[in-house]
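A.B. asks: Just dropping this structure here.
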Amino acid sequence: MREEEIRDIIFDILLEIAPEADLKTLPHHGDLRKTLDIDSFDFLNLMIGLNERLGVDIPESDYEKLNTLSNMLTYLSARLG
Amino acid sequence: MVEFRMPSLGTDMKKGTLVEWKVKPGDHVKRGDIIAEVETEKGVIEIEVFVDGIIEKLLIQPGDEVLVGTPIALIRTEGQQETEIKAAAAEQDEGAQVKEGTESPLQYKACSIAAHRAKEQPEQTREKLRAEAGGEKRIKVSPAARKRAEELGLDLTTVRGTGPDGAISLADVEKAAIAGKPAERKAAWQIPTGPEGADFQLGMRRAIAAAMGRSNREIPHYYLETRIDLSRAVRWLTEENKKRSVKDRILPVVLLLKATALALTEVPALNGYWIEDRHQPVEAIHVGFAIALRQGGLIAPAIHHADLKSLDELMVDMKDLITRTRSGGLRSSEMTDATVTLTNLGDLGVESAFGLIYPPQVALVSFGRITDQPWVENGMIGIRPVVSATLAGDHRATDGRTGSQFLNALHRYLQEAERL
Amino acid sequence: MNAGQTPEPIHMARERDHNHHMLYQMLLIRRFEGKCAELYSSMKIRGFMHLYDGEEAVAVGVMQSLTADDAVVATYREHGHALARGISACSIMAEMYGKREGCSRGRGGSMHLFDDKTRFFGGNAIVGGGLPIAVGLALADKVQKRPRLTCCFFGEGAVAEGEFHESMNLAALWQLPVLFVCENNLYAMGTALALSESVTDITAKAAGYNIEAEAVDGMDLSAVEKAANKAASRVRSGKGPVMLECRTYRFRAHSMFDPELYRAKSEVEAWKGRCPIASFIRLLKEKGMLTDTELHEMEERIAIEIDDAVAFAEAGMWEPVEELTRFVYSDRRTE
Amino acid sequence: MNSIKNTVKMTYREAVREAIREAMRKDERVFLMGEDVGRYGGCFAVSKGLLEEFGPERIRDTPLSESAFVGAGIGAALGGMRPIVEIMTVNFSLLAADQILNNAATYLHMSGGLFNVPIVIRMSTGGGKQLAAQHSHSLEGWYAHIPGIKVLTPATLEDARGMLWTALEDPDPVLIFENNTLYNMEGELPVDAGALDIDHALIRRTGTHVTLITYGASLFKSLEAAEQLSKEEIQAEVIDLRTLRPLDHDTFLKSISKTHRAVIVDEGWRSGGISAEISARIMEGAFYDLDAPVERICGAEVPMPYPRHLEEKALPQVETIISTVRRMVKSNG
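Chains as they are written, first to last, in the numbering used here: chain A, 11 to 91; chain B, 30 to 449; chain C, 7 to 341; chain D, 693 to 1025.
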């Protein structure tokens, strides 16, 4: 899967969680949770969304590898081969 | 050896009473011979035998009443050995026990169901009492209106019914929805993501203002804070979550919620209301869980019977509540039922909080962020994940002593996360 | 078996075979039902079960007059009719068990045996309810000009029903090919004939419908066969229905068991002395048409046939509960 | 539509007769049997003239023996015929209830699928002709209780003409109930009118405020009530059930999901009647669509009285339908 496709899916899920967010201006390397004001429930929902849409089951110990958009893309691309 | 059993001679025959044996041990019998007379509901019936052989033993006596299928005689068919007879006799003894003991296995089943029911009873009674205590007057609402109101997240207590006996109809709900939410009507094309719009915001701020204003005016707060070592709890939860797929994972805040609810069962004085100058503890524990809305504002809908639910159930409940709070689908009972409130400001990076009690409740429990801190135990310093727990108590209802009992209990429960 | 003797004339051999066949059938019915009583007692068979002991000569005798194309409408005491009509003991036993392999797929049970190959239309458990059906079957044959008859068995109890009167009248009025066979065993359940009919001579009633009728000793197989042949050929001649009254007796209770409060033991014993099977065996032996060895062999064969039937029924399948509502309406549309 | 070329004017009676005639012509196995269907021409003159065309063997007069000739019809169906059995009125059918219930409805099932019974039994039903308590009842709802038979209640000329052939083609017993007040009803029928399905209810009038569920003669009362209500801006949807068993509940449940209100109009008695069944199905299938309790307008629970004014009072009438709907819609509209 191409990175753009993964990004689109992430944005889809984020829009459900934070509908008011302007994702176009989302910084690639900024902390996602702080930027988008995402709490732990929202973050869990993001993980569930990724699991449902991409089939990737992300262990809790990897959560910190998903702290920025850029890291998230790297991590998911790697997991999706 | 053949066991001759009380025959079933009709679908309505359940048992029979032996009137007379027509044979005695040692007699030869042929298939079709009448060997006994049995009294049934229909009268005295002659019963026939279906084998050829010698009567070995008669197992019941005239006057004995036995169920259909009970062995009543042993018949030795030709060529059988003595050893078999012994085995059959042993079996027969068991049969006799069944006869004496109880009518049939079905009864056991019935009994166990009854026992089960009896066990359930107190719970049902409690439910009933709760319902009665609620004492709300039932509003008449048509099923269609009820469904629509739920879809709209509309509180039916605010709708005026125009149907027979004041029943609320579908049209009443639609009217109320339009009147209550002009913003939605104006911008119907927008994606309805939740209770948005200036009016809603304004209404909510006013409600918060009224409640918090009253709280600050009327409730003499006292505050107690303690820090709790969560290393065991976090370790347990990490292990537990490893076993689970993403969607089944449990968040730490659920442990805090359950521990709070259980601690309240030990210190019930903090769970309840101050109404009409009187402290009124409540048996049921409905924890109001403060949820911040993205567009601002705060709602603390109740998680019913939090002490009785498993961590999984609580996780599901919380997810559901958060979703519905943010999309505007809360039920009115959820808005009003809370007996205590919990706020978790950890996600916002706050270390500890000293909030205002939501009247008429008498306590507010706040948690801060779980942070790694230096911790001394048994004279050793280590790094531990620690959370700050704060209790705000209504001094009219309880004192610091009660509050400290609660925090101690909370601490204890959080050391044994696996038992939550 | 006649080795070394003068060869038997062919008609004699035929008669012997025929008689053996009839004896076999009567014995099969008696033994089959004995097994049924046993299986009922051990709860393999449930529901109501009406045994035919003592009446075997009626079913077996009458069936000799029917062809494969004819139709049979029977009562709820119909195991004998079903066996004599040629429905296999296996499929009847499986039906009593309620298994899917039963002749009615287990849906009917003891009182509702059905079979299309032998045109066996029940197994009717409403007294008198089969009579109008027989009239209709005969009507269809007559209208469609098929040379068949419909043989309708009913008990003397049915004579008190309005449907008896209506059906006799209609069949005679339209001159339909029905052979009405009244099995008069003297008791409608526990009610003696004299307590239910103002005119106890059933045969006499037929005159009221202008129907030819004859009474015959139902305990005498040869007599029943002869009378049935005569009646059937008259029906086939197109002169309308005929009624045959077979005077018989059931040795067992009405349905599996009853305390027999309604009839004297001495009466039952007296009738048992006239057992149609015992008398037929006696007759054949007198005529030199049956040896003890042959009888023994016959019993052996019957025992095997019944064992097979029980094994077949035991091995049968229960219809899946998902099929509960099947056969309420047809799965297919008729042409 | 009504161009003289394509339609022909006839009565309901004639529509039934045409259906019988067509069936007799199409299929040799079809025959009509019943009391006075031949020489007399039928109690309600439905079969008038058919004897001359088809002869006494196929238009078969029977004695007054309901049980025997209904049973004979079942036997004939088992024997390969396609009988149409006429019973004068539904009240007389009770004399044949044994054959209908214990035989026609059970043979297929008791025989494990071996013997189906393709019989059609027609009878008149309903009140309105001052025939009093032994000729005027509506027992079709009773028969609809019985699995194994189908129960048709044609109300329109099209259905009177079109349902019979489909019923004859059905492999299972079909009962057709003809409301006796409809026999003289006149209308236009297409010249080429033919067989119609017997499995579905039909929306005879569309509306948005309330669903009127009915069948038989009450259909026309419901349509008239709907017409008058429309002047008050109340739009009633009128559903003609056409067949009471199997009951096509999908049609009325769908309608109720739109209108949120239902009124059942049934000549039959209320207690344990088909109206109760319909109401229960609504409860099971459309509870959350309801904005008002289901209402029923049924026959009064009395044996039918003889005098005209009492008979009228005992039957559902247009005014009652209107006032019921009005109260229902206005009180919570």
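All C-beta atoms, glycine included, are put in the ideal place defined by N, C-alpha and C. Computed from a predicted structure; not experimentally measured.
Ordered along the chain, which non-local residues of its own chain (more than five positions away) have a Cβ less than 8 Å from that of Ile1014 (chain D)?
C.D. replies: For this step, residue 1014 (chain D) is matched to residue 322 along the fourth sequence. Excluding sequence neighbours, Ile1014 (chain D) sits near Ala917, Gln920 and Leu921.
A.B. asks: Tell me, which residues are paired with Glu49 (chain B) by DSSP?
C.D. replies: As a first step, residue 49 (chain B) is located in the second sequence; it is residue number 20 there, counting from the start. Answer by DSSP bridge pairing, in chain order: B:Glu66.
A.B. asks: Pull the bridge partners of Leu64 (chain A) from the DSSP assignment, please.
C.D. replies: The sequence position of residue 64 (chain A) within the first sequence is 54, counting from 1. According to DSSP, which records beta bridges pairwise, Leu64 (chain A) is partnered with nothing at all.
A.B. asks: So that I know if they touch, is there some Cβ in chain D lying closer than 9 Å to that of Asn175 (chain C)?
C.D. replies: Sequence index remark: in the third sequence, residue 175 (chain C) carries index 169 (1-based). Chain D, which has a Cβ nearer than 9 Å to the Cβ of Asn175 (chain C), makes this yes.
A.B. asks: Is Phe54 (chain C) helix, strand or coil by DSSP?
C.D. replies: Along the third sequence, read from residue 1 onward, the residue named residue 54 (chain C) stands at position 48. Coil at Phe54 (chain C), not helix or strand.
A.B. asks: State the beta-bridge partners of Leu87 (chain B) as determined by DSSP.
C.D. replies: By one-based count along the second sequence, residue 87 (chain B) stands at place 58. Paired residue(s): B:Ala102.
A.B. asks: Taking Cβ positions, are Tyr251 (chain B) and Asp428 (chain B) nearer each other than 9 Å?
C.D. replies: As a first step, residue 251 (chain B) is located in the second sequence; it is residue number 222 there, counting from the start. As a first step, residue 428 (chain B) is located in the second sequence; it is residue number 399 there, counting from the start. Going by C-beta atoms, Tyr251 (chain B) is nearer than 9 Å to Asp428 (chain B).
A.B. asks: Roughly how many angstroms separate the alpha carbons of Gln126 (chain B) and Glu77 (chain B), rounded to a whole number?
C.D. replies: As a working note, residue 126 (chain B) is residue 97 in the second sequence. As a working note, residue 77 (chain B) is residue 48 in the second sequence. Low local confidence applies: a pLDDT of 40 at Gln126 (chain B) is under 50, so the model's placement there is unreliable, with the coordinate-based value given in what follows. Their backbone Cα atoms lie some 25 Å apart in a straight line.
A.B. asks: Taking DSSP as the reference, what is the three-state secondary structure of Ile257 (chain B)?
C.D. replies: Translated into positions along the second sequence, residue 257 (chain B) becomes position 228. Of the three classes helix, strand and coil, the one that applies to Ile257 (chain B) here is strand, per DSSP.
A.B. asks: For the candidate residues D:Phe912, D:Glu987, D:Asp940 and D:Ile926, whose alpha-carbon lies nearest to that of Thr1016 (chain D)?
C.D. replies: One-based indexing of the fourth sequence puts residue 1016 (chain D) at position 324. The shortest C-alpha separation from Thr1016 (chain D) is found at D:Glu987.
A.B. asks: With distances taken Cα to Cα, identify the nearest neighbour of Leu176 (chain C) among D:Asp889, D:Gly726 and D:Pro999.
C.D. replies: Indexing the third sequence from 1 puts residue 176 (chain C) at position 170. For Leu176 (chain C), the nearest C-alpha among the options comes from D:Gly726.
A.B. asks: Could you give the first and the last residue of the continuous alpha helix (DSSP H) run that contains Glu180 (chain B)?
C.D. replies: Locating residue 180 (chain B) in the second sequence gives position 151, where the first residue counts as 1. Here the alpha helix (DSSP H) through Glu180 (chain B) covers Pro172 to Leu181.
A.B. asks: Spatial neighbours of Val52 (chain B) within its chain, please: C-beta separation below 7 Å, excluding the five flanking residues on both sides.
C.D. replies: Locating residue 52 (chain B) in the second sequence gives position 23, counting from the first residue. Result list for Val52 (chain B): Val58, Ile64 and Ile84, in chain order.
A.B. asks: Would you verify that the beta carbon of Val762 (chain D) is, or is not, closer than 9 Å to some beta carbon of chain C?
C.D. replies: As a position in the fourth sequence, residue 762 (chain D) is number 70, starting the count at 1. Val762 (chain D) counts as touching chain C.
A.B. asks: Can you find the residues in the same chain that come closer than 6 Å, C-beta to C-beta, to Tyr193 (chain C), ignoring five residues on each side of it along the sequence?
C.D. replies: On the third sequence, residue 193 (chain C) is found 187 positions in, with the first residue counted as 1. There are no such residues.
A.B. asks: Could you give the distance in angstroms between the alpha-carbon of Ile248 (chain B) and the alpha-carbon of Arg448 (chain B)?
C.D. replies: In the second sequence, residue 248 (chain B) corresponds to position 219, counting from 1. In the second sequence, residue 448 (chain B) corresponds to position 419, counting from 1. Using only the alpha carbons, I get a separation of about 35 Å.
A.B. asks: What span of residues does the beta strand (DSSP E) with Thr900 (chain D) cover, start to end?
C.D. replies: Within the fourth sequence, the letter at position 208 stands for residue 900 (chain D). Counting along the chain, Thr900 (chain D) falls outside any beta strand (DSSP E), and DSSP gives it neither H nor E.
A.B. asks: Skipping 5 residues on each side, what residues in its chain have a beta carbon closer than 8 Å to that of Tyr73 (chain A)?
C.D. replies: Start at 1 with the first residue of the first sequence, and residue 73 (chain A) comes out as number 63. Contacts found: Phe53 and Met57.
A.B. asks: Going straight from the alpha carbon of Ala1006 (chain D) to that of Gly734 (chain D), what length do you get?
C.D. replies: Position 314 of the fourth sequence, counted from the first residue, corresponds to residue 1006 (chain D). Position 42 of the fourth sequence, counted from the first residue, corresponds to residue 734 (chain D). Rounded to whole angstroms, Ala1006 (chain D) to Gly734 (chain D) spans 28 Å at the Cα level.
A.B. asks: Along chain A, in chain order, which residues have C-beta atoms closer than 9 Å to that of Lys500 (chain B)?
C.D. replies: For residue 500 (chain B) there is no data in the structure shown, the boundaries of chain B being 30 and 449.
A.B. asks: Assess contact between the stretch 745-763 of chain D and the stretch 824-831 of chain D, defined as three or more Cβ pairs (one per stretch) separated by less than 8 Å. Is contact present?
C.D. replies: With a cut-off of 8 Å, the stretch 824-831 of chain D and the stretch 745-763 of chain D do not count as touching, because too few Cβ pairs lie within range.
A.B. asks: To test your reading of the DSSP string, which unbroken beta strand (DSSP E) runs of 3 or more residues are found completely within the stretch 819-888 of chain D?
C.D. replies: As far as the stretch 819-888 of chain D is concerned, its whole beta strand (DSSP E) runs of at least 3 residues are 842-844, 866-871 and 878-882.
A.B. asks: Taking Cβ to Cβ, would you say Ile20 (chain A) is nearer than 9 Å to Leu79 (chain A)?
C.D. replies: Along the first sequence, one-based indexing puts residue 20 (chain A) at 10. Along the first sequence, one-based indexing puts residue 79 (chain A) at 69. A contact, by the Cβ cut-off of 9 Å.
A.B. asks: For Val31 (chain B), decide whether its Cβ has a neighbour in chain D, counting only Cβ atoms nearer than 9 Å.
C.D. replies: By one-based count along the second sequence, residue 31 (chain B) stands at place 2. By this cut-off, Val31 (chain B) is not an interface position.
A.B. asks: Can you give the Cα-Cα distance for Leu36 (chain A) and Leu42 (chain A), rounded to whole angstroms?
C.D. replies: For the purposes of this step, residue 36 (chain A) is identified with residue 26 of the first sequence, where counting begins at 1. For the purposes of this step, residue 42 (chain A) is identified with residue 32 of the first sequence, where counting begins at 1. Approximately 8 Å between the Cα atoms of the pair.
A.B. asks: First and last residue of the alpha helix (DSSP H) that includes Trp180 (chain C)?
C.D. replies: Within the third sequence, residue 180 (chain C) is the residue found at index 174, counting from 1. No alpha helix (DSSP H) holds Trp180 (chain C); DSSP gives it neither H nor E.
A.B. asks: Under three-state DSSP, which class holds Val957 (chain D)?
C.D. replies: Locating residue 957 (chain D) in the fourth sequence gives position 265, where the first residue counts as 1. Three-state result, Val957 (chain D): strand.
A.B. asks: Within this structure, are the beta carbons of Gly317 (chain B) and Thr368 (chain B) separated by less than 9 Å?
C.D. replies: Taking the first residue of the second sequence as position 1, residue 317 (chain B) is located at position 288. Taking the first residue of the second sequence as position 1, residue 368 (chain B) is located at position 339. Cβ atoms of Gly317 (chain B) and Thr368 (chain B): closer than 9 Å.
A.B. asks: Taking Leu253 (chain B) as the reference, give the member of B:Ala446, B:Glu66 and B:Phe435 with the closest Cα.
C.D. replies: For the purposes of this step, residue 253 (chain B) is taken as residue 224 along the second sequence, with counting starting at 1. Checking every option, the nearest Cα to that of Leu253 (chain B) belongs to B:Phe435.
A.B. asks: What does the alpha-carbon distance come out to for the pair Glu929 (chain D) and Ile956 (chain D)?
C.D. replies: Here residue 929 (chain D) refers to the residue found at position 237 of the fourth sequence. Here residue 956 (chain D) refers to the residue found at position 264 of the fourth sequence. When rounded, the distance between both Cα atoms is 12 Å.
A.B. asks: Between the stretch 220-238 of chain C and the stretch 62-79 of chain C, do three or more beta carbon pairs fall short of 8 Å?
C.D. replies: Yes: the two stretches touch, three or more of their Cβ pairs being nearer than 8 Å.
A.B. asks: When burial is assigned at 16 or more other CB atoms within 10 Å of the CB, is Ser37 (chain B) buried or exposed?
C.D. replies: Along the second sequence, one-based indexing puts residue 37 (chain B) at 8. Burial call: buried.
A.B. asks: Quick one: residues in its chain with C-beta nearer than 7 Å to the C-beta of Ala111 (chain C), no 5 flanking neighbours on either side, listed in chain order?
C.D. replies: Here residue 111 (chain C) refers to the residue found at position 105 when the third sequence is read from its first residue. Correcting the residue type first, residue 111 (chain C) is Arg in the shown sequence and not Ala. Excluding sequence neighbours, Arg111 (chain C) sits near Glu325.
A.B. asks: Determine, for Leu786 (chain D), whether the minimum Cβ-Cβ distance to residues of chain C falls below 9 Å.
C.D. replies: The residue you call residue 786 (chain D) lines up with position 94 of the fourth sequence. Closer than 9 Å: no.
A.B. asks: Show which residues of chain A have a CB atom less than 7 Å away from the CB atom of Asp376 (chain B).
C.D. replies: For this step, residue 376 (chain B) is matched to residue 347 along the second sequence. Going along chain A in sequence order, the residues near Asp376 (chain B) (Cβ under 7 Å) are Asp49 and Ser50.
A.B. asks: For Arg288 (chain C), which of C:Pro183, C:Asp226, C:Glu273 and C:His17 has the nearest alpha-carbon?
C.D. replies: The residue given as residue 288 (chain C) occupies position 282 in the third sequence. Of the candidates C:Pro183, C:Asp226, C:Glu273 and C:His17, the one whose C-alpha sits nearest the C-alpha of Arg288 (chain C) is C:Asp226.
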